[in-house]
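Reviewing the structure listed below.
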Amino acid sequence: MKFNPKRLQSIYYLGPEGTYTEQAAIRYNPSSKRIPLPSIDDVFNSIVRKTDLGIVPIENIIEGPVTETLSALLEYEGKVNIVDMNILPIQHAIGVLPGHEKIKSIISKDQALKQCSNYIKEKHQGAELTAKPSTAAAIKEIAEQKIRDTAAIGDERTLRKYNLEILDKNIGNVKNNKTKFAILGRYIAEKTGRDATSIVVYPHKDRIGLLDDMTKIISKQYRINMTSFQSRPDTRGGYRFFIELEGHIEDSKIKNCLKEMKKKLGGDYIDIKILGSYPRKLFIEPQIKDIGIIGGTGKMGGWFKEFFEKSGYDMLISGRKTPLTYENCVKKSDVVIVNVPITNTVEVIKKISPYFKKGQLIVDNCSIKTQAVKTMFENVKKDIEVLGMHTIFGPKITDLYNQNVAFVHTEKSGEIARQFEDIFHKHGARIHETTCGEHDKQMAFHQNLEHFTKIALAELIRQEFEDPNTLENFTSPNSETSLITIGRILSSSPSLLAEIQAHNTNASEIISRYVEIVKKMGKQLIKRNPECFQKSMEESIKYFGKSWIKQKVAKSKKIQEALSENS
């Protein structure tokens, strides 16, 4: 049954009136009828009996999970689900009765006491601390029982409501204190594209490596991000693991992952319970929501579109023939990626630069950085962030894990640039922060020279062998890898690779040096004089070192094993 909060008029919350939970309930649905209850368990029980909504605190940005809520979620599993989340900024104040005596004790909810521990130690050291069911319950107790030697910590508005005198405001250890509240119901929330699923994994027997096996299935086999991981003891010396996964329970990846966990870990007498799927909420919401791609209709643009959409971002695609103009794409986006051919990059950057406004980020994805980054930096306004990027892979890759991505930060790179880079880091990319000069020199080797040598080798094969298929009968592991690389390069666009050769100003020097070396060594080998070859190889062994060579040989073995399995 799908969850529709508008159908439900009542919402139970952890009371009494004046709690932070009530504020969260008002923020979630101002028109709902709010019913306060004395405990978290009462909220869960009422939802089961009356099929209304409930709201309880589940996690604080400072102190972590609310253990009562985690325990109740497990106890009521299958009857009550998390259907949404709501985040409320928390600013604690401390209050007393007017005409109070010396403060001997301080009462509040246990989490609030911990969140204000620095203030208590500084201003009320030695005071007895007593936990109450809620901050509002503590305030109400002082007011109704006229307790004059006790202070309460809670919301300033609730303190004033009960006519308590405010001693200090904003007394939390961290000034951006926030609490996440779980919206509870007997329904399954619909998919939004930016969802999370909470599960609890309960092993009834201990085993060395169990936790490692479990996380490998989630993170490595199914590449699912764990956004939260909490362990809680049971009453028998074991532990339960409360995990929040990125994705919805209806997503095939989540479904298959949970099936695999039950299958592979079934022998460990393990229970896996689903606590709900809901729109994912973060304590610190990213500034990036909409990403535009200028030149997004090509293959790489298509890769970006699919990647960012799966990551929960709204995409805007603009090309020469799309209804969405460059201007509107820029104005509607938080981040704009310039992903056009090298020959057009500078022209396009200059054309779109006037459309940017404060709080946006412009990123180029050009394989040559010097001209692109310089043009962005000089043409956009000073309050626009600028970041150079090069995704050093093609559109055929299906997983970003272990792929190289280079970033060039500038004086105009700020928080949005950091958040954008974090998207790639989150998905396992190998991030390399570099300069324009270093990047372009590296690309002269990894692209220009690599393309040059392989295309030259392909030309030699054309001249010497009538049928390239005959080469397969005589390949060694090294030559097979070389032929595979030739095939990959030939699958690329000839015009694109020609553009790369033409525009990287570092390429001519690298290729010239290579040609000099080949001529010198080649002349000696033609004369049947291998000493030059041997000496060069021996010096290279010293330069690269045993460790580097051993690492490459190990990687080569893995490649050969994979080739053998797939042959």
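To convert, take the position in the sequence shown, counting from 1, and add 391; that gives our numbering.
By construction, the Cβ of each residue, glycine as well, lies at the ideal position given by its N, Cα and C atoms.
For I494, report the span of its alpha helix (DSSP H) as first-last.
For the purposes of this step, residue 494 is taken as the residue at position 103 of the sequence shown. Per DSSP, I494 belongs to no alpha helix (DSSP H) and is neither H nor E.
Counting C-beta neighbours from all protein chains within 10 Å, is the total for G692 16 or more, i.e. buried, or is it exposed?
On the sequence shown, residue 692 is found 301 positions in, with the first residue counted as 1. Buried, because 16 or more other Cβ atoms sit within 10 Å of the Cβ of G692.
Enumerate in chain order the residues of its own chain whose CB-to-CB distance from R418 is below 7 Å, with the five nearest sequence positions on each side excluded.
Here residue 418 is taken as the residue at index 27 of the sequence shown, counted from 1. Cβ within range, chain order: N477, L479.
Closer than 8 Å is the cut-off here; do at least three beta carbon pairs connect the segment 849 to 862 with the segment 824 to 834?
The segment 849 to 862, when compared against the segment 824 to 834, does not touch it at the 8 Å Cβ threshold.
On the DSSP bridge assignment, give the partners of Y717 in chain order.
For the purposes of this step, residue 717 is taken as the residue at position 326 of the sequence shown. According to DSSP, which records beta bridges pairwise, Y717 is partnered with nothing at all.
Measure the C-alpha to C-alpha separation of N337 and A503 and round it to an integer number of angstroms.
The structure shown has nothing for residue 337, since the chain only spans 392 to 958.
Exposed or buried, I599, counting other C-beta atoms within 10 Å across all chains shown (16 or more means buried)?
The residue you call residue 599 lines up with position 208 of the sequence shown. Classification of I599: exposed, given that the 10 Å Cβ count is below 16.
Considering only their Cβ atoms, is the gap separating Q678 from V461 smaller than 8 Å?
If you number the sequence shown from 1, residue 461 lands on position 70. If you number the sequence shown from 1, residue 678 lands on position 287. For the sequence presented, residue 461 should be read as Leu rather than Val. No.
Between I431 and A463, how many whole angstroms is the CB-CB distance? I'm expecting something under 8 Å.
What you label residue 431 is simply residue 40 of the sequence shown in a count that begins at 1. What you label residue 463 is simply residue 72 of the sequence shown in a count that begins at 1. Yes, I431 and A463 are in contact; Cβ-Cβ is about 6 Å, under 8 Å.
CA-CA distance, K722 and E738?
For the purposes of this step, residue 722 is taken as the residue at position 331 of the sequence shown. For the purposes of this step, residue 738 is taken as the residue at position 347 of the sequence shown. Going by the C-alpha atoms only, they are around 19 Å apart.
Going by DSSP, what residue range makes up the alpha helix (DSSP H) through Y411?
In the sequence shown, counting from the first residue as 1, residue 411 sits at position 20. Segment 411 to 419, the alpha helix (DSSP H) holding Y411.
Among residues of its own chain, excluding the 5 on either side of G750, which ones have a beta-carbon nearer than 8 Å to its beta-carbon?
Looking up residue 750 in the sequence shown gives position 359. Q678, D725, D774, I807.
Would you kindly work out how many angstroms separate the C-alpha atoms of K514 and D501, rounded to a whole number?
Here residue 514 refers to the residue found at position 123 when the sequence shown is read from its first residue. Here residue 501 refers to the residue found at position 110 when the sequence shown is read from its first residue. Approximately 18 Å, taken between the alpha carbons.
Just tell me which of T734, E929, F784, L575 has its CA closest to the CA of Q892.
To locate residue 892, count along the sequence shown from 1; it is residue 501. It is T734.
Using only alpha-carbon positions, find the residue among S938, I497, G576 that is nearest to T521.
Reading the sequence shown from its first residue, position 130 is the one you call residue 521. Among S938, I497, G576, the Cα nearest to that of T521 belongs to I497.
Please go through the same chain and pick out, in chain order, the residues whose beta-carbon is closer than 6 Å to the beta-carbon of N897, but skip the five residues on each side of it.
Numbered from 1 along the sequence shown, position 506 holds the residue referred to as residue 897. Closer than 6 Å at Cβ, skipping near neighbours: D831, K832, A835.
Can you tell which of K470, D755, V799, S927 has its C-alpha closest to the C-alpha of K911?
For the purposes of this step, residue 911 is identified with residue 520 of the sequence shown, where counting begins at 1. With distances taken between Cα atoms, K911 lies closest to S927.
Count the other CB atoms, across all protein chains shown, that sit within 10 Å of the CB of D755; report buried if there are 16 or more and exposed otherwise.
Taking the first residue of the sequence shown as position 1, residue 755 is located at position 364. Its Cβ being crowded by 16 or more others within 10 Å, D755 is buried.
Could you please give the first and the last residue of the uninterrupted beta strand (DSSP E) stretch that includes S622?
As a position in the sequence shown, residue 622 is number 231, starting the count at 1. Note, S622: beta strand (DSSP E), 617 to 624.
Compute the Euclidean distance between the alpha carbons of K654 and T606, then round it to the nearest angstrom.
Position 263 of the sequence shown, counting from 1, holds the residue named residue 654. Position 215 of the sequence shown, counting from 1, holds the residue named residue 606. Taking the straight line from one Cα to the other gives about 14 Å.
For the segment 736 to 767, list the alpha helix (DSSP H) runs that are entirely contained and at least 4 residues long, ordered along the chain.
Listed in chain order, there is nothing to give.
Are the Cβ atoms of G409 and P429 separated by less than 8 Å?
To locate residue 409, count along the sequence shown from 1; it is residue 18. To locate residue 429, count along the sequence shown from 1; it is residue 38. No, these two residues do not count as a Cβ contact at 8 Å.
If we require 4 or more residues per run, which alpha helix (DSSP H) segments fall completely within the segment 641 to 706?
You should have 643 to 656, 690 to 701.
Around the Cβ of V944, are there at least 16 other Cβ atoms within 10 angstroms (buried) or fewer (exposed)?
As a working mapping, residue 944 is identified with position 553 in the sequence shown. Exposed.
Have a look at E776, K596, L954 and flag the residue whose alpha-carbon is nearest the alpha-carbon of P868.
Within the sequence shown, numbered from 1, the residue matching residue 868 stands at position 477. When each option's Cα is compared against that of P868, the closest is L954.
Looking at the secondary structure, which residues open and close the beta strand (DSSP E) in which H781 lies?
Here residue 781 corresponds to residue number 390 of the sequence shown, with the count starting at 1. Element bounds for H781: 776 to 782.
Looking only at DSSP bridge pairs, what is N472 linked to?
For the purposes of this step, residue 472 is taken as the residue at position 81 of the sequence shown. In the DSSP output, where bridge partners are listed per residue, N472 has G576.
Let's test the definition: count the other Cβ atoms within 10 Å of the Cβ of M767 and tell me whether it reaches 16, buried, or not, exposed.
By 1-based counting over the sequence shown, the position of residue 767 is 376. Buried, because 16 or more other Cβ atoms sit within 10 Å of the Cβ of M767.
For the segment 522 to 606, list the beta strand (DSSP E) runs that are entirely contained and at least 3 residues long, ordered along the chain.
You should have 541 to 546, 556 to 560, 569 to 576, 586 to 594.
In the DSSP assignment, find the beta strand (DSSP E) that holds P868 and state where it starts and stops.
Counted from its first residue, the sequence shown places residue 868 at position 477. Counting along the chain, P868 falls outside any beta strand (DSSP E), though it belongs to the alpha helix (DSSP H) covering 868 to 881.
Would you report the Cα separation of L778 and G687, rounded to the nearest angstrom?
As a first step, residue 778 must be located in the sequence shown, where it is residue number 387. As a first step, residue 687 must be located in the sequence shown, where it is residue number 296. Their Cα atoms are separated by approximately 18 Å.
Return the CA-CA distance between I801 and H823, expressed in angstroms with no decimal places.
In the sequence shown, residue 801 corresponds to position 410, counting from 1. In the sequence shown, residue 823 corresponds to position 432, counting from 1. Checking the displayed sequence, the identity of residue 801 turns out to be Thr instead of Ile. When rounded, the distance between both Cα atoms is 14 Å.
Which class does T825 belong to by DSSP, given the choice of helix, strand or coil?
Here residue 825 is taken as the residue at index 434 of the sequence shown, counted from 1. The answer is strand: DSSP assigns T825 an E or B state.
Whose C-beta lies closer than 7 Å to the C-beta of Q810 among residues of the same chain, with five residues either side of it excluded?
In the sequence shown, the residue the question calls residue 810 occupies position 419. These residues qualify, in order along the chain: P677, Q678, I679.
Would you give the residue range spanned by the alpha helix (DSSP H) that K424 belongs to?
Position 33 of the sequence shown, counted from the first residue, corresponds to residue 424. Not the alpha helix (DSSP H): K424 falls in the beta strand (DSSP E), residues 424 to 428.
Sort I438, I446, Q400 by Cα distance to K424 and report the nearest one.
Residue numbering aside, residue 424 sits at position 33 when the sequence shown is read from its first letter. Checked all of I438, I446, Q400; the closest Cα to K424 is Q400.
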